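Protein chains in written order, with the UniProt record's numbering: chain A, 1 to 227; chain B, 1 to 227. Cβ atoms here follow ideal geometry from the backbone N, Cα and C, with glycine treated the same way. Since this is a predicted model, take the numbers as computed values, not measurements. Encoded as structure tokens, the structure appears first; notes follow it.
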DNA sequence: ACCTGAACACCGTTCAAGT
DNA sequence: ACCTGAACACCGTTCAAGT
């Protein structure tokens, strides 16, 4: 098959422009999202990055919202489903959701999509399946498992969304603490007395705290009511 | 001072246009949000509703984001802080957060703002103070109270946001259940087996379930670690 | 079958000019 | 001090026209 006389068949001179495809559109969109934040996810910018006009994209994607759903799922590809041997379901769940959070924060804008979009792409489904497996291991079944899944993903997504959108808006912690400090402590005594606790933000520890609170809540509700 | 000869001084003929003010801008914006969804919250539409050009708004508001923050707080005015006598902190908290959820869903778009924006307006602060009071009653203090507050508000806001944005996108429950039904149950056995539970959606009951799970989680973490 | 240009109906924001 | 018009730099989407 490998005829030596045809050695220099050379890469057949590629057309100046590679043809478009859903795949490279989604990939380009994801890169733009990473480099420019959620304003990078615009039909026009994606088109420009691909050296074409916005109308060209509509051959591969029916509208901006559908593209967003694809981008979300593509982003989910890099979530690591923790699968070490001999590690408790709880730790594996935490590690995985932490990875999910990290991915969402790496691509600002994807977090918004995660709340907007029904996660039915293959990578999202893999994550969903994984979480349900861990809950099953924990003895959480049926309605508790379904609603618990929802609660856990909602938690991680909204933490990421809150974080990302405040970062994009340039909301500094200082601005928040300044506004709390200026409060009338007669009118808002609880807020005033909890000032420093409200501002504290080791994100990592806080995220874990919330996750464990939710998990314990789910477990306890289940054992109490046997739902 | 009241000279009878000047009786018919009459309401001095008002100018054809009432002067603008931050107040009526915010009120108009809130109405548009209610009637048109989150796309109603645009400088141009608000201006048109006030029969002026968009540039006029910038006298009273520095930009769209600041206006959004005002609108969010104005929306919070109608949250009912449950204050019946002899009712447990838990029920009062549930009722109040349910009212918060209802308000957020009545104004689609406000839910997004609640996640975007630091809630430092007077009505938001009143709600914050109220929740901290109830947590205090429940014996939840310090870091647990601060983080618990955050978790509860994040929960209600994100449930509303998810609901509202799916409503705006026209995502039907049927679409979701159809996509779950079409799944390969070898690849996603857990999802397949929990199909009906995943789709179930008595919003009310589900919201309450999540809220109680979170509260129990907070209470238990506190008693366990004494944070 | 795919790509393009031009157009339509929108955005937020600025700024010189008017009263 | 307030309001206006016009402009700038953006959006998503459509559609007739080209290859």
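Fill in: Proximal chain B residues relative to residue 163 (chain A), where beta-carbon distance stays under 9 Å
In the first chain, residue 163 (chain A) corresponds to position 163, counting from 1. The contacting residues do not exist; residue 163 (chain A) stays about 10 Å from chain B at best.
Discussion item. Tell me which residues share the same chain as residue 108 (chain B) and place their Cβ nearer than 8 Å to its Cβ, disregarding the 5 neighbours each side in the sequence.
Written reply: Against the second chain, residue 108 (chain B) aligns to sequence position 108. Contacts found: 33, 37, 38, 164, 165, 167, 168.
Worksheet entry | Interface flag, residue 223 (chain B) vs chain A, CB-CB below 7 Å | Position 223 of the second chain, counted from the start, is the residue given in the question as residue 223 (chain B). Judged by the 7 Å Cβ criterion, residue 223 (chain B) is not in contact with chain A.
Worksheet entry | Through-space distance from residue 65 (chain B) to residue 237 (chain B), alpha-carbon basis | It is not possible to answer for residue 237 (chain B), since the shown part of chain B is limited to 1 through 227.
Discussion item. Just to make sure I have the definition right: I need the residues of chain B whose C-beta is within less than 9 Å of the C-beta of residue 174 (chain A). Which are they?
Written reply: For the purposes of this step, residue 174 (chain A) is taken as residue 174 along the first chain, with counting starting at 1. Those do not exist, as residue 174 (chain A) stays about 12 Å from chain B at its closest Cβ, beyond 9 Å.
Item to complete: Excluding the 5 residues preceding and the 5 following residue 212 (chain B) in the sequence, name in chain order all residues of the same chain whose CB lies nearer than 7 Å to its CB.
Response: Residue numbering aside, residue 212 (chain B) sits at position 212 when the second chain is read from its first letter. For residue 212 (chain B), where only same-chain residues beyond five positions count, there are no Cβ hits under 7 Å.
Discussion item. With a threshold of 7 Å between beta-carbons, can residue 195 (chain B) be considered close to chain A, or not?
Written reply: Locating residue 195 (chain B) in the second chain gives position 195, where the first residue counts as 1. So no, residue 195 (chain B) is outside the interface.
Worksheet item: Start and end of the alpha helix (DSSP H) containing residue 75 (chain A)?
Response: Here the question's residue 75 (chain A) lines up with position 75 in the first chain. It spans 64–76 - the alpha helix (DSSP H) in which residue 75 (chain A) sits, taken as one unbroken run.
Practice prompt. Closer than 7 Å by beta-carbon distance: list the chain A residues that pair up with residue 29 (chain B), in chain order.
Written response: In the second chain, residue 29 (chain B) corresponds to position 29, counting from 1. Near residue 29 (chain B) there are no residues of chain A at all, since even the closest Cβ is about 18 Å away, more than 7 Å.
Practice prompt. Answer with yes or no whether the minimum CB distance from residue 115 (chain A) to chain B is below 7 Å.
Written response: Position 115 of the first chain, counted from the start, is the residue given in the question as residue 115 (chain A). For residue 115 (chain A), the answer is yes, since a Cβ of chain B falls inside 7 Å of its Cβ.
Worksheet item: Quick one: any contact between the stretch 56–64 of chain A and the stretch 91–100 of chain A, if contact means 3 or more CB pairs under 8 Å?
Response: no
Discussion item. As a quick exercise: from A:208, A:207, A:202, A:137, pick the residue whose alpha carbon is nearest that of residue 219 (chain A).
Written reply: As a position in the first chain, residue 219 (chain A) is number 219, starting the count at 1. Comparing Cα-Cα distances from residue 219 (chain A) to each of A:208, A:207, A:202, A:137, the minimum goes to A:137.
Practice prompt. For residue 32 (chain A), decide whether its Cβ has a neighbour in chain B, counting only Cβ atoms nearer than 7 Å.
Written response: By 1-based counting over the first chain, the position of residue 32 (chain A) is 32. No, residue 32 (chain A) does not count as interfacial toward chain B.
Practice prompt. With distances taken Cα to Cα, identify the nearest neighbour of residue 104 (chain B) among B:80, B:86, B:92.
Written response: Taking the second chain and counting its residues from 1, the one referred to as residue 104 (chain B) is at position 104. The candidate whose alpha carbon is nearest that of residue 104 (chain B) is B:80.
Discussion item. Using the Cβ count rule (16 or more neighbours within 10 Å means buried), how would you classify residue 110 (chain A)?
Written reply: Along the first chain, read from residue 1 onward, the residue named residue 110 (chain A) stands at position 110. Residue 110 (chain A) is buried by the Cβ-count criterion.
Worksheet item: Shortest alpha-carbon distance to residue 157 (chain B) belongs to which of B:115, B:142, B:198, B:121?
Response: By 1-based counting over the second chain, the position of residue 157 (chain B) is 157. For residue 157 (chain B), the nearest C-alpha among the options comes from B:115.
Worksheet item: Taking the C-alpha atoms as reference points, what is the distance between residue 145 (chain A) and residue 134 (chain A)?
Response: Reading the first chain from its first residue, position 145 is the one you call residue 145 (chain A). Reading the first chain from its first residue, position 134 is the one you call residue 134 (chain A). Distance between the alpha carbons of residue 145 (chain A) and residue 134 (chain A) is about 10 Å.
Worksheet entry | Cut-off 6 Å between Cβ atoms - residues of its own chain near residue 199 (chain B), not counting five sequence neighbours on either side | Indexing the second chain from 1 puts residue 199 (chain B) at position 199. Answer for residue 199 (chain B): 177, listed in chain order.
Discussion item. For the alpha helix (DSSP H) containing residue 189 (chain A), name the first residue and the last one.
Written reply: Along the first chain, read from residue 1 onward, the residue named residue 189 (chain A) stands at position 189. Run containing residue 189 (chain A): 189–193, per the alpha helix (DSSP H) assignment.
Worksheet item: Which residue comes first and which comes last in the alpha helix (DSSP H) that contains residue 116 (chain A)?
Response: Working through the first chain from its first residue, we reach residue 116 (chain A) at position 116. 110–116 is the extent of the alpha helix (DSSP H) around residue 116 (chain A).
Fill in: Residues of the stretch 189–217 of chain B whose Cβ lies closer than 8 Å to any Cβ of chain A, in chain order
189, 190, 191, 194, 197, 198, 200, 206, 209, 210, 212, 213, 214, 215, 216, 217
Worksheet item: Among B:121, B:20, B:26, which has the Cα closest to the Cα of residue 179 (chain A)?
Response: Looking up residue 179 (chain A) in the first chain gives position 179. The candidate whose alpha carbon is nearest that of residue 179 (chain A) is B:121.
Worksheet item: Under 8 Å Cβ-Cβ, which residues of chain B neighbour residue 47 (chain A)?
Response: Position 47 of the first chain, counting from 1, holds the residue named residue 47 (chain A). The premise fails here: residue 47 (chain A) is roughly 23 Å from chain B at the closest Cβ pair, so nothing lies under 8 Å.
Worksheet item: If you check the beta carbons only, do residue 143 (chain B) and residue 84 (chain A) fall under 7 Å apart?
Response: Reading the second chain from its first residue, position 143 is the one you call residue 143 (chain B). Reading the first chain from its first residue, position 84 is the one you call residue 84 (chain A). No, the Cβ-Cβ distance between residue 143 (chain B) and residue 84 (chain A) is not below 7 Å.
Worksheet item: In chain order, what residues of the same chain have a beta carbon less than 7 Å from the beta carbon of residue 75 (chain A), not counting five sequence neighbours either side?
Response: If you number the first chain from 1, residue 75 (chain A) lands on position 75. Hits under 7 Å: 30, 103, 107, 110.
Discussion item. By alpha-carbon positions, which one of A:205, A:117, A:82, A:190 ends up nearest to residue 235 (chain B)?
Written reply: This structure does not reach residue 235 (chain B), given that chain B is present from 1 up to 227, and the question cannot be answered.
Item to complete: Output yes or no for whether 7 Å exceeds the beta carbon distance between residue 151 (chain B) and residue 210 (chain A).
Response: In the second chain, counting from the first residue as 1, residue 151 (chain B) sits at position 151. In the first chain, counting from the first residue as 1, residue 210 (chain A) sits at position 210. In this structure, residue 210 (chain A) lies closer than 7 Å to residue 151 (chain B) by Cβ.
Worksheet entry | Proximal residues to residue 162 (chain B) (C-beta, below 8 Å), its chain only, five neighbours per side dropped | Stepping through the second chain from its first residue, residue 162 (chain B) is reached at position 162. So the list is empty, once near-sequence residues are dropped.
Item to complete: Return the CA-CA distance between residue 190 (chain B) and residue 72 (chain A), expressed in angstroms with no decimal places.
Response: For the purposes of this step, residue 190 (chain B) is identified with residue 190 of the second chain, where counting begins at 1. For the purposes of this step, residue 72 (chain A) is identified with residue 72 of the first chain, where counting begins at 1. So the alpha carbons of these two residues sit roughly 22 Å apart.
Fill in: Three-state class that DSSP yields for residue 155 (chain B) in the structure shown
Position 155 of the second chain holds residue 155 (chain B). Three-state result, residue 155 (chain B): helix.
Worksheet item: Measuring CB to CB, does residue 90 (chain A) end up less than 7 Å from residue 188 (chain B)?
Response: Position 90 of the first chain, counting from 1, holds the residue named residue 90 (chain A). Position 188 of the second chain, counting from 1, holds the residue named residue 188 (chain B). Contact: no.
Worksheet item: Does DSSP classify residue 141 (chain A) as helix, strand or coil?
Response: In the first chain, residue 141 (chain A) corresponds to position 141, counting from 1. Reduced to three states, the DSSP call for residue 141 (chain A) is coil.
Worksheet item: Rounded to a whole number of angstroms, what is the C-alpha to C-alpha distance between residue 208 (chain A) and residue 217 (chain A)?
Response: Here residue 208 (chain A) corresponds to residue number 208 of the first chain, with the count starting at 1. Here residue 217 (chain A) corresponds to residue number 217 of the first chain, with the count starting at 1. Taking the straight line from one Cα to the other gives about 14 Å.
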